[in-house]
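Numbering (the working numbering), first residue to last: 196 to 240.
Input: a single structure, listed below in structure tokens.
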Ligand SMILES: [Zn+2]
């Protein structure tokens with residue numbers, strides 16, 4: 196079977212113990228990803 200193109204379906208967002216914003220996503224094949232966004236102190240607005 197040839198490689199398939201993963202489809203990252205968002206599983207929701209969360210906040211880690213360090214206060215970082217974490218996005219969980221997964222493909223229907225079972226692959227998973229975790230993307231971390233660093234949230235800096237002092238928002239632009
Ligand atoms: Zn996949």
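In this text, a Cβ means the ideal position worked out from N, Cα and C, and glycines have one as well.
Treat the numbers as computed from the prediction; the structure is a model and nothing was measured.
Euclidean distance between Cα positions of residue i and residue j
i: residue 205; j: residue 218; result: 7 Å
i: residue 234; j: residue 198; result: 35 Å
i: residue 210; j: residue 236; result: 15 Å
Close beta carbons around residue i, own chain, < 8 Å, minus the five adjacent residues each side
i: residue 221; result: 203, 204, 206, 227, 228
i: residue 212; result: none
i: residue 232; result: 215, 216, 217, 218
i: residue 208; result: 216, 217, 218, 219
Chain-order list of residues whose beta-carbon lies under 6 Å from that of residue i (same chain, five-residue window excluded)
i: residue 201; result: 222, 226
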